[in-house]
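Number of protein chains: 2
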Amino acid sequence: MTVTRQSFQFADRIPSTPSIGSTTVTSPDHVHLSFGFAAPHLFPIEQLNEAATEAITSSGRQALQYSGAGGQGKIRQWIQSRSAVHGMHVKEDELLVTYGSTQGIDLAINVLVNPGDHVWVEAPSFFSALQSLRIAGAKLTSFPIDNDGVKVELIEQALLEAERSKAPLPKLLYIMPTFHNPGGVTLSVERRIRLAELAQRYNFFIIEDDAYMELNFTGEQLPTLYSLCPERVIYLNTFSKIIAPGLRLGWALAQKEVIQKMKLLMLGGSVGVFTQEILAQLLERIDFEDHLGQLKAYYKNNRDIMVDATRQHFGSDVTFHLPQGGFFIWLAFNPGVNTTELLPLAASKGVSFVGGRSFYIGQDGLHYARVCFSYCNGEQITRGIRALAEAYKEWKSGTVQIG
Amino acid sequence: MTVTRQSFQFADRIPSTPSIGSTTVTSPDHVHLSFGFAAPHLFPIEQLNEAATEAITSSGRQALQYSGAGGQGKIRQWIQSRSAVHGMHVKEDELLVTYGSTQGIDLAINVLVNPGDHVWVEAPSFFSALQSLRIAGAKLTSFPIDNDGVKVELIEQALLEAERSKAPLPKLLYIMPTFHNPGGVTLSVERRIRLAELAQRYNFFIIEDDAYMELNFTGEQLPTLYSLCPERVIYLNTFSKIIAPGLRLGWALAQKEVIQKMKLLMLGGSVGVFTQEILAQLLERIDFEDHLGQLKAYYKNNRDIMVDATRQHFGSDVTFHLPQGGFFIWLAFNPGVNTTELLPLAASKGVSFVGGRSFYIGQDGLHYARVCFSYCNGEQITRGIRALAEAYKEWKSGTVQIG
């Protein structure tokens, strides 16, 4: 039988863009301000090694099976007690361990959203969440942030208008209320309370992505949306920022009914138990508050270095909100600046960042740039910001042809 | 503001059934012939411990980051060379590491299937794949298996008929051609060749789920569908059966274009690197052929024990194909027997199995039962089969009221 190769239509849900913030640059001098990564020297390597040995030798046979030994239970208890510290008192069946918050976001979206459903997001918003929403077939509308987080009054107006004109109401709002990625801003208490009320009144769900909340430089703690409205919030967090991303462990808090449905979508049943056993052993070996204190001190110092360097090298050409936690500074250039064009020029100067365009659902965000202060050390941050400023000045002076 | 809690419509893609083959029974004497699990005492614990120490101490900071050190590359090389042993010569960009084959199945389905697309499966078929297909919105049609695997002549007739009557052709066929779960059968060479031709002629994809292929008790090796038709096959395999399921690592082989699209659906970018680093170290520390030889000898012996016990206790009341590899025996009772009714009675006698119903898209399969010989030891298998036979005899004699 001779056949000619026919073309084949793949599924519509496949996104067209590759992953953002990755790199192919291998030069050791290159400064990756694009990487939204934790600082590797702060990983608790020694205790992790002890934890792995203990997990493998004392409960290895169960840890390597589909089902685990005691680790899953211990991690769940840790999450419960840590959540309680932040005012979220959850029962055993209101909690799900996920592969990082990436999977948490994806599961939460897929539990809620049918193709064609309306979902509202912040502008800017986390690109992985936008990607998941596109794959799920959501119709996206975005609302701007300011220094107090997303403008909830605009959301309220839009809800009223939709109700009045019988337009579709949103089924879901995806939001990162604390130390926003990329914005660095935190949603004010007043807006949190109002948003929780709106979710109840208009019957939509909120995905509260709280991945950076523990990296709080001031100690000022605001109530989570989950604590204000547990029946309409899926709360997501992760060990990626507070322990290590390579473990790929995170969690979701929600009403029992929602957690059950998320579990059904996990198919395999649950997250691999091997790393859960190791993490359980690790959490018993570290003083978490002490460990967290080290992370916060380091990241805060890095933020200060980045802020100083930015003010020194950019002067009034960029503005930004001073983030009180998290990983990122969100640089606003003057409208007319095109950071997508700036990317290759900056790379040629030895620095990477993420262009603002990646964080928007449309063609907006071109005059923004996300720079990350967690992964690089102080020397690299200073060098990277200086290189970025040089690239910007060349771009501005128009002396360089950008291809 | 006072609000009454309104009802909320979750997404349509959520399945209604919980995971299959799990248990809440905790009695130590209970025999779990339902568990499709590897034998934990065969996990290479000592070498794994060394591997973990080496991975953490020598490349821990990268292993704990989003991106890894050298482990990912080493695992990819291992997969490439092992695939070559089985006649599949893949390039670097024709390979994707996944969270076990569960994720591989899900990604492959989501890359190919739009809601409403027609997908053909075997009857019986692996329940996790059926679940993934339902979530993706596939319209399912099934084709029976016999001792030589799925009846490809029926698939061919159906294709001809669909073409003649302008009915929709399938976009995808999901198949487990080697040591089928649950059937235990292997697709013959002739049928493999014919199926590969049909996939090319009728322009559909095949997901070849080959999770059990290495657990081959006879050494007789058939060509994979992938080797016959790489442009229309997504080949899936896993470390769950040959190393340990708790690691949650598997892989997919496919054309570059397909692999790229599967990667785009992974969102987070790639599988967590921590366990990849450890597995890479482990694979350098074990003699894989020797390790595999131990697995095969143990599972073959267990199969023989299960076969003997089944013949002794069931006589002519059940028939089954003698599996030449894998984990399962698929018991066919006489039509009229209802294994769903048998489940609680068997549980009361101290044994679990999976009722045939779970492996069918419709209401079929009621007179089948899947029993697994990999997880339990010989004594447990003998005791479990005896208890199952007792339960069956009570059911048959009709003396017991089943609720």
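Top line first, the protein sequences correspond to chains R and X. Using this note's numbering, the letters of the first sequence correspond one by one to residues 1 to 403. Using this note's numbering, the letters of the second sequence correspond one by one to residues 1001 to 1403. Ideal placement from N, C-alpha and C gives every residue a C-beta, glycine not left out. Bear in mind that the values here come from a model prediction, so they are computed numbers and not experimental data.
Residue burial classification, residue i (beta-carbon count within 10 angstroms, cutoff 16)
i: X/Ala1084; result: exposed
i: R/Leu228; result: buried
i: R/Pro335; result: exposed
i: X/Asp1287; result: exposed
i: R/Ser417; result: With chain R covering only 1 through 403, there is no way to say anything about residue 417 of chain R.
i: R/Ser27; result: exposed
i: X/Asn1147; result: exposed
i: R/Ser404; result: What the structure shows of chain R is the stretch from 1 to 403, and residue 404 of chain R is not part of that stretch, so it cannot be assessed.
i: X/Gly1250; result: buried
i: X/Lys1455; result: Residue 1455 of chain X lies beyond the range of chain X shown here (1001 to 1403); nothing can be said about it.
i: X/Asp1012; result: exposed
i: X/His1041; result: exposed
i: R/Leu160; result: exposed
i: X/Arg1311; result: exposed
i: X/Pro1230; result: buried
i: X/Thr1004; result: Bear in mind that the predicted position of X/Thr1004 carries a pLDDT of just 47, short of 50, making it too unreliable to give a figure here.
i: R/Pro170; result: buried
i: X/Gly1060; result: buried
i: X/Gly1036; result: buried
Collapsed DSSP secondary structure at residue i in the structure displayed
i: X/Phe1143; result: strand
i: X/Asn1216; result: strand
i: X/Ile1206; result: strand
i: X/Arg1013; result: coil
i: R/Tyr392; result: helix
i: X/Glu1122; result: strand
i: X/Leu1366; result: coil
i: R/Leu107; result: helix
i: X/Leu1096; result: strand
i: X/Val1085; result: helix
i: R/Val31; result: strand
i: X/Gly1113; result: Checking the sequence shown, residue 1113 of chain X turns out to be Val, not Gly. In the structure shown, X/Val1113 sits in coil (DSSP, three-state: anything other than H, G, I, E or B).
i: X/Val1371; result: strand
i: R/Phe274; result: helix
i: X/Phe1037; result: coil
i: R/Ile135; result: helix
i: R/Leu283; result: helix
i: X/Met1063; result: One detail in the question is off: residue 1063 of chain X reads as Ala in this sequence, not Met. Three-state result, X/Ala1063: helix.
i: R/Lys74; result: helix
i: R/Phe8; result: coil
i: X/Phe1043; result: coil
i: X/Asn1049; result: helix
i: R/Gly398; result: coil
i: X/Ala1211; result: coil
CB of residue i within 8 Å of CB of residue j, strictly
i: R/Asp209; j: R/Ser101; result: yes
i: R/Gly384; j: R/Val351; result: yes
i: X/Ala1214; j: X/Ile1242; result: Rather than Ala, the amino acid found at residue 1214 of chain X in this sequence is Glu. For X/Glu1214 and X/Ile1242, yes; Cβs fall inside 8 Å.
i: R/Gly104; j: X/Gln1065; result: no
i: X/Leu1033; j: X/Cys1376; result: yes
i: X/Pro1299; j: X/Phe1239; result: The sequence shown places Tyr at residue 1299 of chain X, not Pro. For X/Tyr1299 and X/Phe1239, no; Cβs fall outside 8 Å.
i: R/Leu172; j: R/Phe204; result: yes
i: R/Ser48; j: X/Ile1056; result: The displayed chain sequence assigns Leu, not Ser, to residue 48 of chain R. Taking 8 Å as the Cβ cut-off, R/Leu48 and X/Ile1056 qualify as a contacting pair.
i: X/Thr1382; j: X/Leu1366; result: no
i: X/Leu1343; j: R/Phe10; result: no
i: R/Glu122; j: R/Val97; result: no
i: X/Lys1261; j: R/Ile14; result: yes
i: R/Val345; j: R/Ala391; result: Checking the sequence shown, residue 345 of chain R turns out to be Leu, not Val. Taking 8 Å as the Cβ cut-off, R/Leu345 and R/Ala391 qualify as a contacting pair.
i: R/Pro182; j: R/Trp330; result: yes
i: R/Ala51; j: R/Gln281; result: yes
i: X/Gln1072; j: X/Val1273; result: yes
i: X/Tyr1099; j: X/Ala1129; result: no
i: R/Leu107; j: R/Leu265; result: yes
i: R/Ile75; j: R/Leu295; result: no
Determine, using beta-carbon pairs with one atom in the stretch 187-194 of chain R and one in the stretch 214-225 of chain R, whether at least three such pairs fall under 8 Å. yes
Ranges of the alpha helix (DSSP H) found wholly within the stretch 1289-1362 of chain X, counting only runs of at least 4: 1339-1348
In chain order, what are the residue ranges of uninterrupted beta strand (DSSP E) at least 3 long that sit wholly in the stretch 221-267 of chain R? 233-238, 250-253
Length at least 4, wholly inside the stretch 1149-1209 of chain X: the alpha helix (DSSP H) runs in chain order: 1152-1164, 1189-1202
Using a Cβ distance threshold of 8 Å, determine whether the stretch 155-173 of chain R contacts the stretch 133-145 of chain R, with at least three qualifying pairs required. yes
Do the stretch 352-366 of chain R and the stretch 312-322 of chain R make contact, defined as three or more Cβ pairs closer than 8 Å? no
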